[in-house]
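2 protein chains.
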Amino acid sequence: MNQKYFDIAFQMAEKAFEIDEVPIGAVIVLNDQVIAKAYNHKEKDGCCTSHAEILAIQKASKKLDNWRLEDCDIYVTLDPCPMCASAIKQARIGHVFSALSNSDSDNTDIIVKIFQKDRVNPEVFFQSNLAVDKSKKILNSFFEKQRNS
Amino acid sequence: MNQKYFDIAFQMAEKAFEIDEVPIGAVIVLNDQVIAKAYNHKEKDGCCTSHAEILAIQKASKKLDNWRLEDCDIYVTLDPCPMCASAIKQARIGHVFSALSNSDSDNTDIIVKIFQKDRVNPEVFFQSNLAVDKSKKILNSFFEKQRNS
Numbered sequence: 003m004n005q006k007y008f009d010i011a012f013q014m015a016e017k018a019f020e021i022d023e024v025p026i027g028a029v030i031v032l033n034d035q036v037i038a039k040a041y042n043h044k045e046k047d048g049c050c051t052s053h054a055e056i057l058a059i060q061k062a063s064k065k066l067d068n069w070r071l072e073d074c075d076i077y078v079t080l081d082p083c084p085m086c087a088s089a090i091k092q093a094r095i096g097h098v099f100s101a102l103s104n105s106d107s108d109n110t111d112i113i114v115k116i117f118q119k120d121r122v123n124p125e126v127f128f129q130s131n132l133a134v135d136k137s138k139k140i141l142n143s144f145f146e147k148q149r150n151s
Numbered sequence: 003m004n005q006k007y008f009d010i011a012f013q014m015a016e017k018a019f020e021i022d023e024v025p026i027g028a029v030i031v032l033n034d035q036v037i038a039k040a041y042n043h044k045e046k047d048g049c050c051t052s053h054a055e056i057l058a059i060q061k062a063s064k065k066l067d068n069w070r071l072e073d074c075d076i077y078v079t080l081d082p083c084p085m086c087a088s089a090i091k092q093a094r095i096g097h098v099f100s101a102l103s104n105s106d107s108d109n110t111d112i113i114v115k116i117f118q119k120d121r122v123n124p125e126v127f128f129q130s131n132l133a134v135d136k137s138k139k140i141l142n143s144f145f146e147k148q149r150n151s
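Chains as they are written, first to last, in this note's numbering: chain X, 3 to 151; chain W, 3 to 151.
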């Protein structure tokens, strides 16, 4: 885990904030190099699949010309939803470093189960709450802005 | 549930079969009209997110210019994986009609949990094993072809 990749993930979240998307960013790292970064684009794309993690996986897969993102790590500014957790696992990403746990404990239960080894994919190593204050700050600012708009 | 939409989903699965992708198809229906159909394209796209259901959701969202696919149903030739199940739920699709249960019971446990009502999204109504023989036939043919190639 390297804090500098969280800094980049939060820069991505800021970009989402600026365009009125829920501010979540994701960065994929391979051999200490950023190979993909993205931010939530759901409203702008009008599609629920345009989460930061999905967009980052698509960019990384294109860059490596391979759906297997083995030896890659992903940094996210909030725990992934089940869609993104399962995409991370099926991409064979090794480690997920998350800034903040989702306040919905059902989400946590499901993604922890998804990250376990299954018949096809290896276990995904998952750590959360690694940059809590920064993540809460940008999320709270966003929802406050939404309430006041 | 209308069997004719399974026929279209299987036509999609056949297209996947022809290009050596695991033969899975998906069809999204709104007001008794097909608004999107797609088939698994993971190897060709080199990306784990190119499952039939994700591609169909992206097409349907584009068509409706809305990430909310409320009042839509999806027909799939095999139970969705957690990634696709969560995308279906977040798209607010109402009903999932699946031809065949996944033989991995862990997958079933996870997607059943995903389909439950949560704090943001309503429950997804899910029925499986609605066209078992047809789904098994195309999947078995595919894996037999793979073994002999």
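Glycine residues also receive a C-beta, built at the ideal position from the N, C-alpha and C atoms.
Predicted, not measured: the structure shown is a model, and the values here were computed from it.
Near-chain X residues of the segment 121-144 of chain W (beta-carbon distance less than 9 angstroms), N- to C-terminal order = Arg121, Val122
Apply the 10 Å Cβ neighbour rule to Val126 (chain W) and answer buried if 16 or more other Cβ atoms are within range, or exposed otherwise.
-> buried
Which residues, in chain order, does the segment 96-119 of chain W contribute to contact with chain X at a C-beta distance below 7 angstroms?
-> Asp106, Asp108, Ile112, Lys115, Ile116
Give, in chain order, every unbroken run of the beta strand (DSSP E) that is at least 3 residues long and sits entirely within the segment 44-92 of chain W.
-> 74-78
Reduced DSSP secondary structure (H/G/I, E/B, other) of Leu32 (chain W) | strand
Under 9 angstroms Cβ-Cβ, which residues of chain W neighbour Pro25 (chain X)?
-> Those do not exist, as Pro25 (chain X) stays about 17 angstroms from chain W at its closest Cβ, beyond 9 angstroms.
Over the uninterrupted alpha helix (DSSP H) stretch that includes Ser143 (chain W), give me the two end residues.
-> 134-150
Length of the line joining the Cα atoms of Ile167 (chain W) and Cys86 (chain W) | Only positions 3 to 151 of chain W appear in this structure, which leaves residue 167 (chain W) out of reach.
C-alpha distance - Ala62 (chain W) paired with Ile113 (chain X), whole-angstrom precision = 26 angstroms
Nearest residue (CA-CA) to Glu20 (chain X), options X:Lys39, X:Asp108, X:Phe144 | X:Phe144
Which residues mark the beginning and the end of the alpha helix (DSSP H) in which Ser107 (chain X) is found?
-> 107-117
Would you mind telling me which residues of chain W sit closer than 9 angstroms to Ile59 (chain X), beta carbon to beta carbon, in chain order?
-> Cys49, Cys50, Thr51
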